[in-house]
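Here's the structure we're looking at; comments come further down.
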Amino acid sequence: MAETLFHKVWNAHAVRKLPSGQTQLFVGLHLIHEVTTPQAFDMLHQHGWRVAFPERTFATIDHIVPTSAQRRPFLDVMAEEMASSLERNCREAGIPLWTPDDDNQGIVHVIGPELGLTQPGMTIACGDSHTSTHGALGAIAFGIGTSQVRDVLASQCLALDPLKVRRIEVTGSLRPGVYAKDVILTIIRRLGVQGGVGFAYEYGGAAIDGMSLDERMTICNMSIEGGARVGYVNPDETTFAFLRGRPFAPQEGASGAFDRAVAWWRQIASDANASYDDRVTFDASAIEPTVTWGINPGQSVTVNEAIAADPQDEALEFMGFQPGRRVTGTKIDVAFIGSCTNGRLSDLEEAARIVRGHHIAPHVKALVVPGSKAVGRAAEARGLHHVFIDAGFEWRGAGCSMCLGMNPDKLEGRQVCASSSNRNFKGRQGSPTGRTLLMSPAMVAAAAIAGEVVDVRTMLEEVPA
Ligand code: SF4
């Protein structure tokens, strides 16, 4: 019978049906970080349990890492405690850990694919909502809570309800100045922030097929913002090329390991005649640069569109917008390029293309934070750090940075931030009254230079192709 990738991977990892009706699912890869693990390890120790599969568990420090001075001990006592606790727990359990002193450190959802840990057909779990990112490589990846982190540490299994599968087809091709971020913001706007509850989102169609892995990761990353537990793209030649030669991927050579893996990865993709619980289609050519105006990622408009919202909507008051107004022209205080949504090399390259030869507006503070040390090194090898620094940006070390207020990179007061991250909830960027405008990294770069939200396409016209 024809099946979707979701069902194939689910069935291949199902251990048994539980009396609750849930399925006990084996987890192929468990990624952990400093924030959601201390309590999980404590619970494990209280029961006298050991980590069941340390060889399937990998750790990094990302959320609490200062991005300006990464030397240990961290000045923030709580951050240092979290880092030390993860180090101790990983050492005791024999789990590989990448700290800011290691070349492989970075945001958990950036380093997993980068190192080839994330592979098609896997089940993946991590104590962070944006674990759906890994679906870009054809994995089924679940963001989990602290008690589930404990469960996976102890048993390498999760108890989960099955999901329905919605096929989201993005047909045609994107126009210049329109990016993966605009696509996912458009999808969430139309389907709603709760629209994906109970679903896995399978992304496909010509626009997705033509995207790089980095772009697919941006799309899958924000599936959770549309309510979907999981988002994925079927593995294809782009996926295989991305994985070739990555340190933890099956290796090419006499053993034939890589070729055997590719044969398996091809089989795991959804069958052409698989049936879906729902199908939705988007026309890529109709998608425009998009920016959020509200306090959830579904509250967005295109750069040329006026906000249409109930005047009583609390988001309007919080953000200081009125119905009928455009977000374009809004003065910004801070520009943030980074996060697991848009902190990869191609994001930095596209932003640098806009920035080159310009300087940020005098009233703007602008940060570029690579998603991993490897991204930072690759960007520096291309001279991108000089482009940003010359333009007045701060070039930082890898980490989650201003995506959330758990490290020194925070908004102050009612500052407005043009941000390439994934959440615009009240207080998300560290100030209870701070205001976040989500947009693509290229749009953030354009806003930093103009000092206000602008249509990046007007600046692309100046950039030689
Ligand atoms: S960049 Fe943001 S969303 Fe991604 S892992 Fe870090 S805190 Fe979570």
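Start counting the sequence shown at 9; every next residue gets the next number (the working numbering).
Just so it is clear, CB atoms sit at the ideal spot from N, CA and C, and this is done for glycine as well.
- [ ] Please confirm whether any heavy atom of the ligand SF4 lies closer than 7 Å to the CB of LEU412.
- [x] yes
Open item on the list: Under 8 Å: do the region 114 to 130 and the region 247 to 255 share three or more Cβ pairs, one atom per stretch?
Closed with: yes
Task: Among VAL191, PRO305 and THR444, nearest to LYS418 - alpha-carbon criterion - done: THR444
TODO: Assign GLY212 to one of three DSSP states: helix, strand, or coil.
DONE: strand
TODO: Taking 8 Å as the cut-off, decide whether the C-beta atoms of SER448 and PRO297 are in contact.
DONE: The answer is yes: Cβ separation under 8 Å.
TODO: Look up GLU177 in the DSSP assignment and give the residues it is bridged to.
DONE: GLY212 and THR289
TODO: Taking the CB atoms as reference points, tell me whether ALA10 and ASN281 lie closer together than 8 Å.
DONE: A contact, by the Cβ cut-off of 8 Å.
Open item on the list: Which complete beta strand (DSSP E) runs does the region 211 to 292 hold, if anything under 3 residues is left out?
Closed with: Runs of the beta strand (DSSP E) inside the region 211 to 292: 238 to 241 and 286 to 291.
- [ ] Locate the alpha helix (DSSP H) running through HIS393, then write down its first and last residues.
- [x] 392 to 398
- [ ] Name the two residues that bound the continuous beta strand (DSSP E) containing ARG404.
- [x] Unbroken run through ARG404: none, as it is neither H nor E.
Open item on the list: Looking at the secondary structure, which residues open and close the beta strand (DSSP E) in which SER308 lies?
Closed with: Its beta strand (DSSP E) spans residues 308 to 310.
TODO: Can you give me the Cβ contacts of ARG106 inside the same chain, cut-off strictly under 6 Å, excluding the 5 residues immediately before and after it?
DONE: Arg is not the amino acid found at residue 106; the sequence shown has Trp there. Annotation for TRP106: THR68, ASN112 and GLN113 place their beta carbon closer than 6 Å to its own, counting only its chain and skipping 5 residues before and after.
TODO: Starting from the C-beta of MET474, find all residues in its chain whose C-beta is less than 6 Å away, skip the five residues before and the five after it, and write them out in chain order.
DONE: Since the displayed the chain opens at 9 and closes at 473, residue 474 lies outside it and no answer follows.
Task: Three-state secondary structure assigned by DSSP to ALA316 - done: coil
Open item on the list: If you reduce the DSSP assignment to three classes, tell me which class ILE132 lands in.
Closed with: For ILE132, the three-state secondary structure derived from DSSP is strand.
Open item on the list: Is it buried or exposed, ALA271, if we count other Cβ atoms within 10 angstroms and call 16 or more buried?
Closed with: exposed
Open item on the list: Using C-beta distances below 8 Å, list every residue in its chain close to SER293, excluding the 5 sequence neighbours before and after it, in chain order.
Closed with: Hits under 8 Å: GLY180, SER181, LEU182 and ARG183.
Open item on the list: For LEU446, list the residues DSSP reports as bridge partners.
Closed with: SER427
Task: Among LEU375, ALA48, ARG436 and GLN423, nearest to ALA406 - alpha-carbon criterion - done: LEU375
TODO: Would you mind working out which of GLY261, GLY151 and VAL186 sits nearest ALA450, comparing C-alpha positions?
DONE: VAL186
TODO: Compare the C-alpha of GLY129 against each of GLN164, GLY36 and TRP57 and name the closest.
DONE: GLY36
- [ ] With DSSP collapsed to three states, give me the class of HIS334.
- [x] The identity of residue 334 in the sequence shown is Arg, whereas the question assumes His. Strand, per DSSP.
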